[in-house]
Every structure is written in C-alpha cells, then in structure tokens.
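Asker: I have a structure here, written as structure tokens, and I will follow up with some questions on it.
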Amino acid sequence: MSEAVQTLGVLGTRASELLMKMLMIRAFEETAEELYMLGKTHGTMHLSIGQEATAVGASAALKEGDYLLNTHRGHGHCLAWFGGDADAMMAEFLGKETGYCRGRGGSMHIANVDTNNLGANGIVGGGIPISTGVGLSIQLRNTDQVCLTVFGDGASNEGAFHESLNMASIWKLPVIYFCENNQYAMSMPIQKGAAIDRISKRADSYSMPGVTVDGNDVLAVYEAVCKAAIHARAGNGPTLIEALTYRHKGHSRSDKQAYRTRDEVLEWQRQDPIRRWADQMGLSAAELDALKTQAQQQIAKSVAFAEASPEPNLDSIMDGVYA
Amino acid sequence: MRELTYVEALKEALRQKMHADPRVFLFGEDIGVYGGAFGVTAGLQQEFGPARVRDTPISEAAIAGLAVGAAVTGMRPVGEIQFMDFVTLSMEQLVLQGAKMRYMFGGKATVPLVLRMPAGGGTGAAAQHSESLENWFVHVPGLKVVMPSNPYDAKGLLIAAIEDMNPVIFIEHKLLYKMKGDVPEDMYTVPLSNTRIVREGKHLTVVATSLMVSRALEAANTLAQDGIEIEVIDPRTLSPLDDAPIFESVKKTGKALIVHEACQNGGFGGEVVARIAGSAAFDYLEAPIKRLAGLDIPMPYNRELERAAIPQVEDIVREARKLAGGKY
Amino acid sequence: MKSIIMPKLGFTMTESTIVQWLKQEGDAVTQGEPIAEITTDKVNMEVEAPEDGILAGFKFHEGDTVPVTEVIAYVLKPGESLPKETGRLGSRDDGRPTTRSQAPATSSQPPAATPIAARMATELGIDLTSVKGSGPAGRITREDITAFVEALPSNPSVSAPVGNGRVRATPNARRLARKADVDLVNVTGTGPNGRVQGDDVRAAVETVTSAIPIVNSQLAMVNPPRSLPYTGMRKTIGTRLQHSYQQVPHITLDMDVDTSGAEALRARANASLKAGATKIGLTAIITKACAWALQRHPLLNSQLDEAAGVITLLDEINIGIAVALENGLIVPVIHQANTKGIGQIAADISDLSARAKANKLKAHDIQGGTFSISNLGMFGVDRFTAIINPPETAILAVGASKPTFVADANGQPVLRPMLTLRLSADHRVIDGAVAAQFLADVRAAIESPALMTL
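Residue numbers (the numbering used here), protein chains in the order written: chain Y, 1 to 323; chain C, 324 to 651; chain R, 652 to 1105.
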C-alpha cells in the first residue's frame, strides 16, 4: 500500500466500498449487454467493462456537492457518483418512467441533477465546454466545489476541448479535466489520431498541471483526482489527468472490433482493475466470486424493478421542452 | 418620457438586472474594456468589475458552453456573440446541450441562459458578418427566439429573457442600435411569446420582424395617403410564437404579407404562412398569402447589390399595393 | 447450463445467418470465447460463449438464418444434460426445414372480392388493391366499390351536377357562398383570372329576389342575368353532345305508334297494384319494349372501337332514361332492363328520377348504359331528334301521345292515341334496314305488349 493510501485511510470500509462499486458497475454492464442482445433495449449502448477503476477512483476522491459531467460511455460514472442508484439507472436504460430521466434520455444522457451529476453526453467532448461554465459558476459563487469532467482520448482532439482548457486556465477555474484514454476513439487508435504521445502533455499548452496514471489502478486514479481537487479548491485552477485504461468490449454493441487484435484485448484483460484491487486487498478468488454474485443479484433486482416499471405516458410527451 | 437609443435601452436592462440579481453576469468577446463591438456593454465593466463583465478569448463553442454550464448550475449568464454569423461555431452547445438538457433529463434541469447577438445586413460587412439565422433556432425545440424591433421592446424583452427559465436567443439588428424611442426608467418586462399589433388597419395584415417592423410602419404611412390601411404586427418572440393575434387580423383583412430580412427559402415567413393557412383564418382569405424576404443569396458587398438583397420600404409599399389592389 | 441465443447486434436486426460454427458440439469453451460467426447488416460478428463449459445442443446448421433471441446452442457444466425438448439436429437432408425465416408479412395476392364487386371494378377500371373491403374477412363488396368511386374526385365524363368544387374562388368567397347557400357556378368572378371573390358573392346574394334562386331552369326567369356561366355540368354536357353530333353519322327513322294497347295494359296493371308499388307509366312500357327488341337486334346495343376496328355487341342491356334537371340533363341507367318486368322498370325509373333530382345518384346509376331513351312527350313535343349518347350507338326519342285520325282496316278514319318514335342510330354500325327492323319490333311490342312474352 502506498503512503497516500495510509494517510487518506482508504483501508477498511472504503476499500470494500470501492471494490463493491466496481463489481456493481461490472454486473450492471454485463447485464445491460444481455438485455441488449435479448432485444429488450431500444437504441445502442456503450459499455465500460474494463474501465471501472476510473469511474470509482475518481468519484471516491470528491465530495457531495461537486459536479460531474461524463461521456457516452457513462454508466460506470453515473453509478459510482453520489446517489448513483442502479434501479433508476436500469429503468432509464429500459426507457421507463421511473428512470433518472423519465425515459427521455436513455443510455447516453443519464443524469442525476439532484446530486450534481450533469449527465452522460451523446456528443464527444460535449460536456467539456459545459464544465468550463460550471467552473466559472463555482468561482463566481465563491464556493469550494469542483467540477469533474470525464472525456475520452478522442475528445481531446475536438476544438471545444482546446477552447475550454484555455479558458479554464486563464481564469483558474476549478475544473478537473479527466481523460479516460482507452487507446481508441471508436476505431481510431490514439497513436494515429493524436499528434502527441501522451494526452497529458497537452496540459503544457494551457499552463496547467498534467499527469498520466494507470487507469486500471483504482488507487492511482483516486490519488490523482484527490490532488487535482485540492489544487482546484485552493483556487489554483484546473488539472488535466490522463488515465490509461481499456474497454474490454467494442465501442458499441455493433462494433466488430476489426481495429484491434484479440491478443491485445486479452493482454489488457489481464490488467482487470477489479481483480487487481481484490488482489491488493488480499481477497481470495472465492471471496471475490461471492461478492461478484452479490453484485449480480443486486443488479438482477434492479432489472426486475425496471421491467416492472411503467412506460412513460404518451400524454406527457411535450413535458419538459420549456420550463 | 425620456428617449433612449436601442443600445442604451439594452445596456440599461443589463445594468438594472445586474444590480437586482447577483446571479447575472456578462461575458463575450471584447465586451469589457472595449465595451462590446457595438457598445452595448460600454461602461459596465467599470461598474461591475471584470469578474461579472468578462472578456473571453475567441472561443464561441466554449462561450456557449460557459452559458450552458453556468445556467444549469444556478447562475443567470448573459453571453454576447459578437456577430450572429459566429454563433454557427456555438451550435453544438446551444442546440444539442442547452436546448435539450431539460427534456433529456426528464424535466429535471433548467438552463436559464441568454445569448445576445447582433444580426442583419445593410452595413457593407458582407456575407460573413450580415447573417439573419433566427430560423435555425426557431427550429430547435427548447430554445426561445426573441427579436426586439424598438428600444422599448429591447429593454423590456431583455429583462424578461434574463428572468425566463429557458435558453433564449436574443437577436438585435445592427441598424436598430441607433434607433431612438421612449423608454421608461423603471425595470419593466415585455412578456415573451406576446405578439403586438403595432398599427391597426383593415386592408392587409403585414407581419414583420426586427428591422422590417420600422420599414413596414414607414410603408404604412405612404400607403395611408392613398387610403390603403395596413395592419402591422410584430411577433417579437418568434418561438414560441403567439399566433392568435395574427389569425384574428387575417380574418379581418383577408390578406397577409410576411416581411423579414432573412432569405426567403426556409425562412420564418414560411412558418407564419403555414400557420395562417392551417388556421380558421383560411376561410377568410381573399388572396394568396405572400412573403417578402431577403434574396436567396449570400449578402453581397456592393452597396446597391446589398440594398437590393434586403426588403426596403418601397418594396413593402409595392407588395402591399398589389395585394390591397387585387393584383395577385 | 446456459443457453446461447442469436444476439441482436444492431438496432434493426431481426435475424442473422450462421456463417460458421467455430467450435464443435462437445468442445470445451471458456467464457467469451467465440463459438460461431454470424452475419449482421454491417460486417460479420462473433457469438461468444456466455460461460465456461461444454458446447452442446446445436440447433442450426451453417447457412441457416435464425431470428434474434432464438436459442442456437447450450453451454453445459460437467454432468449437466440438455433440456428435454432439444432434439438432435439431423443432417441437412433429413427433410426438416432448415431455415426459419418468417414469411413476408405482405402478400401479393389480389384481395378477395365478391363476384359483383370484381365485375364492377373491371368495368370501372378500378384496382382492387386500393379498395378497402368491409365484407367478411376483408372481402370487397359492391358497396365498397361504390363508396370508393364516390370518394374519387369528380370525373368530367360523369354528368353529375358540379358546384363549388370546380369554380375558381377565394376561400372567403367559398365561405360566404356556403353561408348564403349560393352555388358558385352561378356567381360571376371579378378577381384575377375570373376568380370569384367575397364581394362577388355578396353582390350575387343581393341581386336575388327572395322567391327565386339565382339561376334555375332556363324555362322561366324573373330577373334574367345578362349572362350565364358555360362551366361545370353545362359545359360537360355541351362538349359531349357536340362531339357526338359532329363525329357520329346519325341516321334517323320515324315510326308512329298506336299506344292504345299499351294504355290498356297500363290501366289493368295499375288497377291491381300492390299497396306502395309504383304506378306504371308509358315510359316503362316503352323501355321494356326497347329492351325486348334490343335482344333481337344486338347491333343497336353495341359499341364501336374505331381504332381497334371492333364493334362489340354488348351482353347486358342497360337502358338510360334521360331526366331533366334544373341545371341540365342526366341519364340514369336501368341495368339489365331485359331481365326486369315492367313493374320493376317503372319502380326503377321512379327511383332514379327522384334521386337524380335530389342529386343522390351513385356512380353505378349513371354508368354502363348501352342504349338511351329520351321522352319529351310530357312537354307536348310531337317528335324530335335526339343526339346519340356516346359510347352508345343508338337513342330513341319519344314524342307526345295525341289522339290522331288514322285509317282503319277498312280505310275509315278512326281516332287513335298515336305517338311518334324517332330512332337515331350510328350509321357506321347500323344500316337503315337494321334500324328499321328494330324500330318495327319496338312498335310491335308497344302496340301488342303480349308479344314480349315470346
């Protein structure tokens, strides 16, 4: 265990909490995949299997009242965030009235505004300019909140990424720009798409701290976000964190994955963040299995809740266009 | 009553709201020290400081993102896009995020932003600085689109827009900035989605927006000399549109002409024509419903070409005469 | 044990084909290992084993197309066996169907129709697939065809009264006309291109005196307008008649007929009518006589197709009886008059005539005519020449019956009720002798109705 772990007291209940959260995300995603293949969901979905550590590590480092914006691959982040409720998430995934967004948003737009989760986003990089606005809002209101904005390696090539980091830096906005670099922007490998070898180096262009961490090490993620949050809350401005990770599944369910080899996938699967954390905690395979089953049972309950929930009433279709 | 220019009326609205509500803040390119490209925010940074009247880099996508992010977290941002033309760079944040967050999140978010922008031609600024893109935003559910035609409406509508809980696209015409009019000193609102009958008349209904309202009124004076009385209607808010007064007017006159500067093809005029034709007013029509709009061309640079590309007073007079005189 | 289903891998995917089994039954597989390759609408994809175990119970062959979510195989844990209802998948040629694709939902069979409906559709040139069937099992009935035709926009060859639908008028004018119950056909338009405007309708309404509608029959007018519109029905009639007059060489033949025999029949028949039955008139007897005679002289119940070089002798004998209306003329048809008794024909004439005047005729009532009769006798006309009603080849004009002195068998003058029949026939098809023989049979049948029982 690192010093940071000892000082921040992540041992004990918090360690199990992190593991359980990752297991819940894994179970949720696997179940979502099953439901999709059974034809029970409408539309598509983007699974974050393999990326549990970034979601759990990042949110664990923040406190209630902080803001979150994340990506189209956002089930994990939404679940890991404060108040993340698998029932409401599953219901939203199935388009039901009891879902977080009353069935209007679906997989890519799940938000829990009450706990400052300002949404997954269907547009690559769509949350980045918004998070800059959130940062400005925090600064003008003079609170110690921070805004965590999660995006992928592909988003770091969007124009809006550059505009936002520039602006956040000149004004020292309390934003944590968290890049989940899972090596591929859909089918485009990061090496081919970005004119730089480490996305964190882009921080230099915007005079902000930039750091690359092992995104499959939940503790490393936790530490990096903690540091960035302290930095932001002290009024010192934004940080760019690059977390190296991998998605075990294709971009979306209709992705054949012709752009990567099975060996590469297997190689990354050996770096499974859940197994690694369990090892660090000293759990046996059987103990891990038991917890896995527990998570699956919880998610099964969520599925039952969601399936039993009502569809939105057609009469309410115009609700919510205007306030 | 004292007279203010359209610019002064807008500035007064901003100032009064910023005093009344600490959540209101302004941002945009060159709005602080420079006072805004058209002077609307001149002096405000001295009064409220650089945090609340904030110059931004040239980053329209991020500027729109600022508006969305600040609005959804409880502030009342009023951003400025320097020329409506540049709002094209803000489209994703406005259309896919700001306009939709409330609906996508099941009605659980509000985005009370205002984005102001000068629009229109007639200044020789040519194709990339003369746009009138209001109908792009009319076409996005979730957004409100406002176009004040005079100083009184400018102040009242801007205050109402800031107080409205929805994202509002607030479109000012460059050639209206110097227009003078009576403006009360207190902080008043002109309600959004409230169509105004500016001038009554029985021979023809003329629906006009923005700069075209003044031109229609001028035309009305000319036509009145020949006994032709046109009724001039200003929707003020294009979306959501308060269309009932338009239908009532057409029932009275039996004839309608829609006038706007934006080019005709796919313009707001089509929306109004379709609504009239589909309403009870249809049975009272004596003539086809007509549009008088900008030519379907990018704004030309040459002065005479530019003039020909935009409806002028004499164009309105001519079209009104044709309709009122039975030539259609 | 876990079942492996054909996964839904795309929004619109409903089925997929197994390209290849990558593993065999009985192979050990690990979770996530690909076991089959399948097609999707984009590229081929792989189906993975959902857990570790032994692959078993293949339900399909390579090349089979399987609906999504259908079970294709199982993964068994050691010691487990397949569910009972899983049969062994036989070899391809064991006769069992190998594909399970659904039949297409829409078939290309023509919809079922009753025989009458089918014939009407053929006559009227209607595509049965566009008719909604209201009969049992969606069968198309005669009523359905009739309703379909009624719903069609008016056809200029149908001489139904045309009103507000065919006049150029502003919406406001139409509204005012509806309110004032004014037929726009009768309003002069002063708008661009002769469009009727609100003011025009107002003006028209003002010139009407309370008792008399603006323009009714041309027989009596109190405030005759200086002009009438030549539009709508008037024009339709005019165009057709002009064409017939100019293009068809008419030969006309007169015969005077003694109606006493027919009158006697009439009197006897009407005396013994059932309650509510229509009284029999002379026209009904003349109609029946014509129908009978047409059976004996089919050339007068024919159609000429000059271009194809064919004279078609028609099977049905459908006789049109001209009816005068306020704004013109219409010719409702008594279908298969040869199969009907005089009483039925009389009832038909009465019904059609009433409905014609009330503007309630249906398409069927005015279509399919093969011969026409026009009777101006009630107006006192002695004899007149009727213009053939195309595509028919003959028409009979009936004059008034008047007591006339004729010579009896002994050469003595006797007073007899005589009327003149004038037959117009298309001389391209019907020669004088043929026409004369037909007309002679008509006269004989009218003078001695009992002949028609032969």
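C-beta: ideal position from N, C-alpha, C; glycine also.
Here the structure is a predicted model, which is why all the values come from computation and not from measurement.
So, are the CB atoms of Y/A27 and Y/I299 less than 8 Å apart?
Answerer: On the first sequence, position 27 is the one that residue 27 of chain Y refers to. On the first sequence, position 299 is the one that residue 299 of chain Y refers to. Yes, Cβ-Cβ distance for Y/A27 and Y/I299 is below 8 Å.
Asker: Buried or exposed: which applies to R/T938, given that a residue is buried once 16 or more other Cβ atoms fall within 10 Å of its Cβ?
Answerer: Looking up residue 938 of chain R in the third sequence gives position 287. It is buried - the Cβ of R/T938 has at least 16 other Cβ atoms within 10 Å.
Asker: Taking Cβ to Cβ, would you say R/P701 is nearer than 8 Å to R/V719?
Answerer: What you label residue 701 of chain R is simply residue 50 of the third sequence in a count that begins at 1. What you label residue 719 of chain R is simply residue 68 of the third sequence in a count that begins at 1. Contact flag unset, no.
Asker: Is it true that the CB of Y/N157 sits closer than 8 Å to the CB of Y/T245?
Answerer: The residue you call residue 245 of chain Y lines up with position 245 of the first sequence. The residue you call residue 157 of chain Y lines up with position 157 of the first sequence. Cβ distance not < 8 Å, so Y/T245 and Y/N157 don't count as in contact.
Asker: Closest to Y/N121 by C-alpha separation, out of Y/G99, Y/F151, Y/F93, Y/L136, would be which residue?
Answerer: Stepping through the first sequence from its first residue, residue 121 of chain Y is reached at position 121. When only C-alpha atoms are compared, the closest one is Y/F151.
Asker: Give the residues of chain R in contact with Y/G39, contact being defined as C-beta atoms less than 7 Å apart.
Answerer: Numbered from its first residue, the first sequence carries residue 39 of chain Y at position 39. K659, V719, T720, listed in chain order.
Asker: Determine the contact status of R/D795 and R/S781, defining contact as a CB-CB distance below 8 Å.
Answerer: Here residue 795 of chain R refers to the residue found at position 144 when the third sequence is read from its first residue. Here residue 781 of chain R refers to the residue found at position 130 when the third sequence is read from its first residue. Cβ atoms of R/D795 and R/S781: not closer than 8 Å.
Asker: When we look at the beta-carbon of Y/T149 and count the other beta-carbons within 10 Å, is it buried (16 or more) or exposed?
Answerer: Working through the first sequence from its first residue, we reach residue 149 of chain Y at position 149. Counting Cβ neighbours within 10 Å, Y/T149 comes out buried, since at least 16 surround it.
Asker: Could you name the residues of chain R that C/K525 contacts, counting a contact when the two beta carbons are closer than 7 Å?
Answerer: As a first step, residue 525 of chain C is located in the second sequence; it is residue number 202 there, counting from the start. The contacting residues do not exist; C/K525 stays about 13 Å from chain R at best.
Asker: Measure from the C-beta of R/N823 to each C-beta in chain C and report whether the shortest distance is under 8 Å.
Answerer: The residue given as residue 823 of chain R occupies position 172 in the third sequence. Yes, R/N823 counts as interfacial toward chain C.
Asker: With a threshold of 8 Å, are at least 3 pairs of Cβ atoms found where one atom belongs to the stretch 45-58 of chain Y and the other to the stretch 27-36 of chain Y?
Answerer: Touching, per the Cβ criterion.
Asker: Pick from C/L564, C/P563, C/A543, C/S562: whose alpha carbon is nearest that of C/E554?
Answerer: Against the second sequence, residue 554 of chain C aligns to sequence position 231. Cα-wise, what sits closest to C/E554 is C/A543.
Asker: Within 10 Å of its beta-carbon, does R/S923 have 16 or more other beta-carbons around it, so buried, or fewer, so exposed?
Answerer: Counting from 1 along the third sequence, the entry for residue 923 of chain R is found at position 272. Counting Cβ neighbours within 10 Å, R/S923 comes out exposed, since fewer than 16 surround it.
Asker: Write down the C-beta distance between C/V418 and C/N489 rounded to the nearest angstrom, noting that I regard them as a contact closer than 8 Å.
Answerer: For this step, residue 418 of chain C is matched to residue 95 along the second sequence. For this step, residue 489 of chain C is matched to residue 166 along the second sequence. Between C/N489 and C/V418 the Cβ distance is about 14 Å, and since that is not below 8 Å, they are no contact.
Asker: Could you spell out where the beta strand (DSSP E) holding R/L955 opens and where it closes?
Answerer: For the purposes of this step, residue 955 of chain R is taken as residue 304 along the third sequence, with counting starting at 1. First-last of the beta strand (DSSP E) with R/L955: 953-956.
Asker: Would you identify the three-state DSSP class for R/K1008, choosing helix, strand or coil?
Answerer: Here residue 1008 of chain R refers to the residue found at position 357 of the third sequence. Helix, per DSSP.
Asker: For chain C, check one thing: does any of its Cβ atoms lie closer than 8 Å to the Cβ of R/Q675?
Answerer: The sequence position of residue 675 of chain R within the third sequence is 24, counting from 1. No, because no Cβ of chain C sits closer than 8 Å to the Cβ of R/Q675.
Asker: Alpha carbon to alpha carbon, how far is C/K497 from Y/Y206?
Answerer: Here the question's residue 497 of chain C lines up with position 174 in the second sequence. Here the question's residue 206 of chain Y lines up with position 206 in the first sequence. Between C/K497 and Y/Y206, the C-alpha separation is close to 35 Å.
Asker: Where DSSP assigns a beta bridge to R/A672, which residues make up the other side?
Answerer: Here residue 672 of chain R refers to the residue found at position 21 when the third sequence is read from its first residue. In the sequence as displayed, the identity of residue 672 of chain R is Trp instead of Ala. Answer is R/A687.
Asker: May I have the straight-line CA-CA distance separating R/K1011 from R/A854, to the nearest angstrom?
Answerer: Within the third sequence, the letter at position 360 stands for residue 1011 of chain R. Within the third sequence, the letter at position 203 stands for residue 854 of chain R. Using only the alpha carbons, I get a separation of about 30 Å.
Asker: What is the DSSP secondary structure of C/F460, counted as helix, strand or coil?
Answerer: Here the question's residue 460 of chain C lines up with position 137 in the second sequence. Reduced to three states, the DSSP call for C/F460 is helix.
Asker: Check whether chain R comes within 8 Å of Y/S187, counting only Cβ atoms and requiring the distance to be less than that.
Answerer: Looking up residue 187 of chain Y in the first sequence gives position 187. No, Y/S187 does not count as interfacial toward chain R.
Asker: So what does Y/E242 bridge to, in DSSP terms?
Answerer: Here residue 242 of chain Y is taken as the residue at index 242 of the first sequence, counted from 1. Note: Y/E242 sits in a beta bridge opposite Y/C179, Y/T212.
Asker: Helix, strand or coil: which one does DSSP assign to Y/R328?
Answerer: Only positions 1 to 323 of chain Y appear in this structure, which leaves residue 328 of chain Y out of reach.
Asker: Ignoring anything shorter than 4 residues, give me the alpha helix (DSSP H) runs that lie fully in the stretch 531-614 of chain C, in order along the chain.
Answerer: As far as the stretch 531-614 of chain C is concerned, its whole alpha helix (DSSP H) runs of at least 4 residues are 534-547, 567-576, 591-600.
Asker: Restricting to Cα atoms, I'd like to know which of Y/N112, Y/H109, Y/E92 is closest to Y/G103.
Answerer: The residue given as residue 103 of chain Y occupies position 103 in the first sequence. For Y/G103, the nearest C-alpha among the options comes from Y/E92.
Asker: Within 8 Å (strictly less), CB to CB, does R/R826 reach chain C?
Answerer: For the purposes of this step, residue 826 of chain R is identified with residue 175 of the third sequence, where counting begins at 1. Output row for R/R826: interface = yes.
Asker: Just checking: is the beta-carbon of Y/K256 within a distance shorter than 8 Å of some beta-carbon in chain R?
Answerer: The residue given as residue 256 of chain Y occupies position 256 in the first sequence. It does: the Cβ of Y/K256 has a partner Cβ on chain R nearer than 8 Å.
Asker: Measuring only between beta-carbons, confirm whether R/I656 sits less than 8 Å from chain Y.
Answerer: Here residue 656 of chain R corresponds to residue number 5 of the third sequence, with the count starting at 1. R/I656 counts as touching chain Y.
Asker: I'd like to know if Y/Y36 contacts chain R, where contact means its C-beta is closer than 8 Å to some C-beta of that chain.
Answerer: For the purposes of this step, residue 36 of chain Y is taken as the residue at position 36 of the first sequence. Taking Cβ atoms only, chain R reaches closer than 8 Å to Y/Y36, which makes this a yes.
Asker: Please specify which runs of the beta strand (DSSP E), each continuous and at least 3 residues long, are wholly inside the stretch 102-175 of chain Y, giving them in chain order.
Answerer: Fully enclosed beta strand (DSSP E) runs of 3 or longer: 147-152.
Asker: Candidates C/P634, C/I520, C/G359, C/K578: which alpha carbon is nearest R/T821's?
Answerer: In the third sequence, counting from the first residue as 1, residue 821 of chain R sits at position 170. The shortest Cα separation from R/T821 among C/P634, C/I520, C/G359, C/K578 belongs to C/K578.
Asker: Given a cut-off of 8 Å on the beta-carbon distance, is the pair C/A355 and C/P373 in contact?
Answerer: As a working mapping, residue 355 of chain C is identified with position 32 in the second sequence. As a working mapping, residue 373 of chain C is identified with position 50 in the second sequence. According to the sequence as given, residue 355 of chain C is Gly; it is not Ala. It is a contact, given that the beta carbons lie within the stated cut-off.
Asker: In whole angstroms, what is the alpha-carbon distance linking R/T765 and R/Q987?
Answerer: Here residue 765 of chain R refers to the residue found at position 114 of the third sequence. Here residue 987 of chain R refers to the residue found at position 336 of the third sequence. Roughly 19 Å between the two C-alpha positions.
Asker: Taking just the CA atoms, how far does Y/D319 sit from Y/P189?
Answerer: Within the first sequence, numbered from 1, the residue matching residue 189 of chain Y stands at position 189. Within the first sequence, numbered from 1, the residue matching residue 319 of chain Y stands at position 319. If I take the Cα positions, the gap works out to 41 Å.
Asker: Output needed for R/A935: all residues of its chain with C-beta closer than 7 Å, excluding positions within five of it in sequence on either side, in chain order.
Answerer: Working through the third sequence from its first residue, we reach residue 935 of chain R at position 284. Answer for R/A935: I993, I996, A997, I1000, listed in chain order.
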